[in-house]
Amino acid sequence: MDIEKIINDVLAKLKVDDKLKASFLTDPVGTLEKTLGIDLPDEQIKQVIDGIKGKLGEVAADGILDKIKGLFGK
Numbered sequence: 675m676d677i678e679k680i681i682n683d684v685l686a687k688l689k690v691d692d693k694l695k696a697s698f699l700t701d702p703v704g705t706l707e708k709t710l711g712i713d714l715p716d717e718q719i720k721q722v723i724d725g726i727k728g729k730l731g732e733v734a735a736d737g738i739l740d741k742i743k744g745l746f747g748k
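The letter at position 7 of the sequence shown is residue 681 when you use my numbering, and the numbering goes up by one with no holes.
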């Protein structure tokens with residue numbers, strides 16, 4: 675199973691669906707199992723959750739940086 679592919683696939687869905695993103699943030703395991711339609715072993719699900727949360731943080735940070743640049747006309 676390609677964990678990185680799963681992370682990227684789910685992340686793409688979370689970026690466009692605010693309800694899914696909110697669900698993931700409150701119940702990551704349940705949301706992943708429902709979204710993926712599979713039950714991953716605990717070790718793999720933790721890797722996926724950690725990977726998605728890390729990348730979501732990067733996306734949020736990029737958005738904040740863009741807003742700050744906009745304040746200065748850049």
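Positions of the beta carbon are idealized from the N, C-alpha and C atoms, including for glycine.
Quick check on the DSSP output: the alpha helix (DSSP H) that includes I677 runs from which residue to which?
Here residue 677 corresponds to residue number 3 of the sequence shown, with the count starting at 1. Where I677 is concerned, the enclosing alpha helix (DSSP H) stretches over I677 to V690.
Cutting at 6 Å between CB atoms, please list the residues of its own chain near T705, excluding the five before and the five after it.
Position 31 of the sequence shown, counting from 1, holds the residue named residue 705. Correct list, in chain order: S697 and F698.
I'd like to check one pair, I681 with G731: are the Cβ atoms closer than 7 Å?
What you label residue 731 is simply residue 57 of the sequence shown in a count that begins at 1. What you label residue 681 is simply residue 7 of the sequence shown in a count that begins at 1. In this structure, I681 does not lie closer than 7 Å to G731 by Cβ.
Would you kindly work out how many angstroms separate the C-alpha atoms of K687 and T709, rounded to a whole number?
What you label residue 687 is simply residue 13 of the sequence shown in a count that begins at 1. What you label residue 709 is simply residue 35 of the sequence shown in a count that begins at 1. Those two C-alpha atoms are separated by around 9 Å.
One question on the structure: do L685 and K729 come within less than 7 Å of each other, judged by their Cβ atoms?
Your numbering for residue 685 matches position 11 in the sequence shown. Your numbering for residue 729 matches position 55 in the sequence shown. Yes; because the gap between Cβ atoms is below 7 Å, this pair is in contact.
For K720, which option in V703, G711 and D683 has the closest C-alpha, if you only look at C-alpha atoms?
For the purposes of this step, residue 720 is taken as the residue at position 46 of the sequence shown. K720 has its Cα closest to that of V703, out of V703, G711 and D683.
Could you give the DSSP three-state label for K729: helix, strand or coil?
Taking the sequence shown and counting its residues from 1, one reaches residue 729 at position 55. Helix, per DSSP.
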